[in-house]
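A short write-up of the structure that comes next.
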Amino acid sequence: MRKILYFLPLICCFACSPRLQGPAVATLTPLSDTAFVVVLEEADRFSGGQKAGTIHSAGNDIAPACTYEDIISRMQQTARARGANLIKITDYRTPRTGNNCEQITANLYRVDHPKAYERKFTWHPERTLSWEDYKGNPSTIREANVGARTSCRFGIKIDTGSTPGKARVIVTSEFICYQSSVRPNQQTPALLAHEQLHFDLCEAYARSLRKTLAATNLTPVNVARISKDAFLQTYELYREQQALYDAETEHGLNAEAQARWKKKITDALTGLQAYQQ
-7 MRKILYFLPL
3 ICCFACSPRL
13 QGPAVATLTP
23 LSDTAFVVVL
33 EEADRFSGGQ
43 KAGTIHSAGN
53 DIAPACTYED
63 IISRMQQTAR
73 ARGANLIKIT
83 DYRTPRTGNN
93 CEQITANLYR
103 VDHPKAYERK
113 FTWHPERTLS
123 WEDYKGNPST
133 IREANVGART
143 SCRFGIKIDT
153 GSTPGKARVI
163 VTSEFICYQS
173 SVRPNQQTPA
183 LLAHEQLHFD
193 LCEAYARSLR
203 KTLAATNLTP
213 VNVARISKDA
223 FLQTYELYRE
233 QQALYDAETE
243 HGLNAEAQAR
253 WKKKITDALT
263 GLQAYQQ
């Protein structure tokens, strides 16, 4: 599976549509359309749970559901319909000659606590951080004045096949659970609010990058160069602001500065609302 932080893979996905297929192993009660479904990548370890079947993405029908993100979204819908809340990818293949879709094979499972298996998730206004999301080892926090460490990132993927002669750049912002940690005696609401703003700041710069790219005429010829340059420029500003946020708020200990930054980041998200994913 691609790691989309800091590098810019060029994925040429021509119009095609995966047919989701695979027999169910067990018949389970369907879940609601909004039920949480966790996705584990090919390299992630997993054992246990009740298997609900195997699902494949295959086919060359003309439709937009051809990229990894679109395929996973459809797989999550199918998982809910089959009563599963965990998707374990067992095989991933990039587009190849004769089949321009990304190819994914996955097993479906029903587990008791799906969020316990979560390794990363994308920013969403209704998904705020909780201390349960911090699954990293707190001993990795070296600084004496730091109670928690939040690992969040934004990155891009290029799609040049959805529309002939056009190119699309997908910008994501993610929280990485096992690279984020908190000291056991520091799990306070105030510190969590400080860490949430780190993630919100990540989303703000992801939106800023989307805005920059949306104002550019991207083509299959220029998309790699333009998107890479825009990403690197935005990322440099993002790093500076993350460091400034910690410095001015003293890692959340300065309440007055914390309040100023909360307004600043909230205003930035509001001003870039049109560029939420």
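In terms of our numbering, the sequence shown is residues -7 to 269. We put the beta carbon where it would ideally sit given N, CA and C, even for glycine. All values derive from a computational prediction rather than experimental measurement.
Rounded to whole angstroms, what's the CA-CA distance from V103 to E248? Just pull it up for me. 44 Å
Please classify D259 as buried or exposed, where buried requires at least 16 other C-beta atoms within 10 Å of its C-beta. exposed
Bridge partners - N99, DSSP secondary structure assignment: Per DSSP, T46, K80.
State the Cα-Cα distance for the pair F223 and T142, rounded to the nearest angstrom. Taking the straight line from one Cα to the other gives about 21 Å.
By alpha-carbon positions, which one of L261, P87, L189, K43 ends up nearest to A282? A question about residue 282 goes unanswered here, because the residues of the chain that appear run from -7 up to 269.
Cβ separation of F191 and W253, assumed to be a contact under 8 Å, to the nearest whole Å: 13 Å between Cβ atoms; not a contact.
Taking just the CA atoms, how far does L201 sit from R217? 14 Å
How far does the alpha helix (DSSP H) with D151 in it reach, from first residue to last? It is not in any alpha helix (DSSP H) - D151 instead sits in the beta strand (DSSP E) that spans 144 to 151.
Opposing strand residues paired with I162 [DSSP bridges]: K149
Using the beta-carbon count (16 or more within 10 Å), is T105 buried or exposed? Sequence check: residue 105 is His here, not Thr. The residue in question, H105, is exposed, as its Cβ has fewer than 16 Cβ neighbours within 10 Å.
Expected contact under 8 Å - CB spacing of A98 and K80 to nearest Å: 6 Å
What are the start and end residues of the alpha helix (DSSP H) that includes F113? Counting along the chain, F113 falls outside any alpha helix (DSSP H), though it belongs to the beta strand (DSSP E) covering 112 to 114.
Can you check DSSP and say which residues form a bridge with A140? V174
Which residues in the same chain as Q179 place their Cβ atom closer than 6 Å to its Cβ, once the five residues preceding and following it in sequence are excluded? W123
Can you list, in chain order, the residues of its chain whose CB lies under 6 Å from that of F38, leaving out five sequence neighbours each side? Excluding sequence neighbours, F38 sits near L32, K80.
Quick check on DSSP: helix, strand or coil for L205? L205: helix per DSSP, three-state reduction.
Quick one: measure Cβ to Cβ for A235 and L183, integer angstroms, because I've assumed they're closer than 8 Å. A235 to L183, Cβ: 18 Å. No contact.
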